[in-house]
Amino acid sequence: MLYKDNELKITNSLTGKKEVFKPILDGFVGLYVCGPTVYSHVHLGNCRTFISFDTIYRYLLHLGYKVRYVRNITDAGHLENDAEEGEDKIAKKARLEQLEPMEIVQRYTLDFHKILGQFNNLPPNIEPTATGHIIEQIEMILDIIDNGFAYEANGSVYFDVEKYNESNNYGELSKRKIEDLISGTRSLDGQEEKKSPLDFALWKDAKPEHIMKWPSPWGLGFPGWHLECSAMSTKYLGEKFDIHGGGMDLKFPHHECEIAQGTAATGEKPVNYWMHANMLTLNGKKMSKSTGNTLLPEELFSGNNEALGRAYHPIVVRFFMMQAHYASVLDFSAEALNAAEKGFNRLMEASKLLKDLQTSESSSIDINGLIAKFYTAMNDDFNTPVLVSHLFEAAKFIQAVKAGKETITTNDLAVLSKEMNAFIFDVMGLTELSEEKEESDSLDIVMDLVLQMRQQARENKDWTTADAIRDKLNEAKITVKDDKDGVTWKAK
RNA sequence: GGUCCUGUGGCCGAGUGGCUAGGCAGUGGUCUGCAAAACCAUCUACAGCAGUUCGAAUCUGCUCGGGACCUCCA
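Following our numbering, the numbering of the first sequence begins with 60 at its first residue and continues without gaps.
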């Protein structure tokens, strides 16, 4: 197994250090990633996080780990704000659109899957929903109450942060001190039920007008947002598991609360390695639903947007993201995307050349050394941009072999092909863009005829006619290229 | 205001106490009737100031910018 020969290092948000990854069970990895709240379309920023963790998941698989990848769908409990009258986001949308909450959930879950599929994300092994795990959440609350870290008030249950902090460190993940948190809190209306403004809801009492509610030991209500992840990760990955990931913006309070809940319920910290994917920015600012600074994947794929003015293939966007490290902020712009697109094409061209490259008695470069660099890059906290740079190094070499300037043996070629394909397609999750041959056969026939006539003109050195044909076709959005090996055309 | 992150060449982005990723653009070339494409080569850099050091873009301090979180957000 590859993982035995590769020392994988992961930046652990909990310690702030790059650590050697050691799974709890040799050869197995439990991976939990916070999924979306399905009350509206995923935007491109959301997608970046899921693409980042998809790549991480893929590399773990490539190393031969048996990974159980769990990513939740939040379909209840995510409040608009923390005030007592805070409304569930899904219930709110359902009310506004006069639909069943589950219709909202279904619509945006399907949308989420569709979009991630276009980005060639692998589905997680388990995709549990909050509403499907009400019982588990209630049980976890009972454990937390039993252990003395939560209290009931008017049908709601709150986590007692200050009590927890007496024996634990609330703020460990987000590097905050509880005193600072207390002094920094604003007093919101309708929080009188809480002992402290830091306390967060494990269970909320449902007012009669609420449409999403379940019976519980404390009456009709619904679970708090932070709790579902704790309950479901525990159920499917155990009380302690290897990696928990999510967007940087979930670090506080969401993940901090998860640590607190898990520790309060079991006495042990629930996660060994916390990983946080960084934000995608647009105009230098984080993409965010609440500020409207977003770009929808659909707008990008269709070209139907003001910012870019043309369409981009999802895989090109994915490649664009691969050129930045997951933990760095990445700024989105048309210029950067265009650059990525050209680079992507170059890399794919080189990878296609692998199939019928001329081989020689010896290799003029150290192929194994080059491949080792691929692994070194990914072993270093999944450093895809460095991986990409080495793949370009390989691409340059492949072109040189084709041009007869460098040589490669049959064996080395086989190894290089295998590894390049593994990293480009399996690990980074890129695909060859299918030349969308929508054109009808009749167009092919017509084009053959036209190009033949043009070829005739060229042979007669009738450049005027030949160029006129090319220019006219160009106007009709068909590009003609005269390569050494012949003429090719492509509809734009 | 508090906590934290960050500032790299025209653009995007790695990296790091000395060996100066990569992509795009630019420039030069190969090819071509011309063009396009493709391929090859190549220039431009580490926000500012001070300090530590034989040596810093990389460490420290300050200054100035940008951002994230502290309300919901991947």
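Note that beta-carbon positions come from the ideal geometry of N, C-alpha and C, so glycine has one too.
Using 10 angstroms around the beta-carbon of residue i, count the other beta-carbons present and answer buried if the total reaches 16, otherwise exposed.
i              : result
alanine 323    : buried
glutamine 196  : buried
glycine 321    : buried
serine 598     : Since the first residue of the chain shown is 60 and the last is 551, residue 598 is not available in this structure.
arginine 529   : buried
methionine 512 : exposed
methionine 522 : In the sequence under discussion, the amino acid at residue 522 is tryptophan, which differs from the methionine named in the question. Tryptophan 522 is exposed by the Cβ-count criterion.
proline 282    : buried
methionine 346 : buried
alanine 366    : exposed
methionine 437 : buried
lysine 239     : Note that residue 239 corresponds to aspartate in the displayed sequence, not to lysine. Exposed: under 16 other Cβ atoms inside 10 Å.
isoleucine 426 : buried
valine 460     : buried
aspartate 205  : exposed
Determine whether the beta carbon atoms of residue i and residue j lie at a separation below 7 Å.
i                 : j                 : result
phenylalanine 112 : glycine 304       : yes
leucine 122       : asparagine 184    : no
histidine 285     : cysteine 316      : yes
alanine 386       : asparagine 337    : yes
lysine 472        : phenylalanine 391 : Note on identity: in this sequence residue 472 is leucine, with lysine being the wrong assignment. Going by C-beta atoms, leucine 472 is not nearer than 7 Å to phenylalanine 391.
proline 373       : glutamine 514     : no
leucine 120       : valine 129        : no
leucine 232       : histidine 313     : no
leucine 309       : cysteine 106      : no
isoleucine 237    : asparagine 224    : yes
glutamate 298     : threonine 325     : yes
leucine 355       : histidine 102     : yes
phenylalanine 433 : leucine 416       : no
isoleucine 467    : serine 410        : no
leucine 73        : tryptophan 333    : yes
asparagine 364    : glutamate 358     : yes
phenylalanine 598 : glutamate 465     : The structure shown does not extend to residue 598, since the chain spans only 60 to 551, so no value can be given for it.
tryptophan 277    : glycine 214       : yes
What residue from the options has the CA that sits closest to residue i's CA?
i              : options                        : result
tyrosine 91    : Gln165, Ala462, Gly306         : Gly306
arginine 117   : Met487, Pro187, Asp507         : Met487
glutamine 458  : Gly362, Asn438, Leu406         : Leu406
lysine 263     : Lys348, Lys414, Glu518, Val216 : Val216
alanine 535    : Ala527, Leu446, Asp521         : Ala527
glutamate 146  : Arg235, Ala189, Ile270         : Ile270
leucine 175    : Leu508, Asn519, Met512, Leu489 : Leu489
tryptophan 273 : Ile69, Gly191, Arg166          : Gly191
aspartate 202  : Leu261, Arg166, Gln165         : Leu261
leucine 169    : Phe451, His100, Ala209, Ile200 : His100
lysine 294     : Gly86, Tyr167, Ala189          : Ala189
glycine 463    : Ser419, Asn427, Thr133, Thr435 : Ser419
glutamate 251  : Glu211, Ile204, His449         : Glu211
glycine 402    : Ser493, Asn342, Pro444         : Pro444
asparagine 228 : Trp277, Met161, Ile318         : Ile318
leucine 389    : Thr108, Lys63, Val79           : Thr108
lysine 253     : Ser275, Lys266, Ala209         : Ala209
leucine 510    : Asp485, Ile537, Phe484         : Ile537
asparagine 578 : Gly545, Asp485, Leu84          : No statement about residue 578 is possible, as the shown extent of the chain runs from 60 to 551 and does not include it.
glycine 104    : Asn342, Lys520, Ala453, Ala265 : Asn342
Between residue i and the rest of its own chain, which residues show a CB-CB distance below 8 Å, the 5 nearest in sequence each way excluded?
i                 : result
lysine 148        : Thr96, Tyr98, His137, Leu138, Glu139
isoleucine 163    : Val97, Tyr98, Ile149, Lys152, Ala153, Glu156
phenylalanine 362 : First, the residue type needs correcting, since residue 362 is glycine and not phenylalanine in the sequence shown. Cβ neighbours of glycine 362 beyond the five flanking positions: Gly368, Arg369, Ala370, Tyr371.
aspartate 589     : Summary: the structure shown does not reach residue 589, with the chain confined to residues 60 through 551, and so no result is reported for it.
Taking 7 Å as the limit between beta carbons, can you name the residues of its chain near residue i, skipping five residues before and five after?
i              : result
alanine 399    : Val375, Phe378, Phe379, Gln382
aspartate 258  : Tyr217, Phe218, Asp219, Val220
methionine 506 : Trp548
leucine 181    : Asp113, Tyr116, Arg117
glutamate 491  : Met407
lysine 344     : Asn352
asparagine 397 : none
Excluding the five sequence neighbours on either side, which residues of its own chain have a C-beta within less than 6 Å of the C-beta of residue i, listed in chain order?
i              : result
glycine 187    : Correcting the residue type first, residue 187 is proline in the shown sequence and not glycine. Closer than 6 Å at Cβ, skipping near neighbours: Asn131, Met291.
isoleucine 430 : Glu478
valine 88      : Pro82, Leu119, Tyr124, Val126, Asp301
leucine 413    : Ser476
lysine 540     : Thr547
arginine 517   : Ala525
methionine 60  : Gly123
isoleucine 193 : Trp273
Which whole runs of the alpha helix (DSSP H) in the stretch 166-196 are 4 residues long or more, in chain order? Fully contained in the stretch 166-196 is no alpha helix (DSSP H) run of length 4 or more.
Ranges of the beta strand (DSSP E) found wholly within the stretch 106-162, counting only runs of at least 3: 125-130
Which full runs of the beta strand (DSSP E) of 3+ residues lie inside the stretch 208-250, going along the chain? 209-212, 215-218
In chain order, which continuous runs of the alpha helix (DSSP H) of length 4 or greater are located wholly inside the stretch 398-429? none
Starting from the N-terminal side, write out each stretch of the beta strand (DSSP E) that is 3 residues or longer and does not extend beyond the stretch 322-397. For the stretch 322-397, whole beta strand (DSSP E) runs of length 3 or above, ordered along the chain, are 330-336, 339-341, 389-391.
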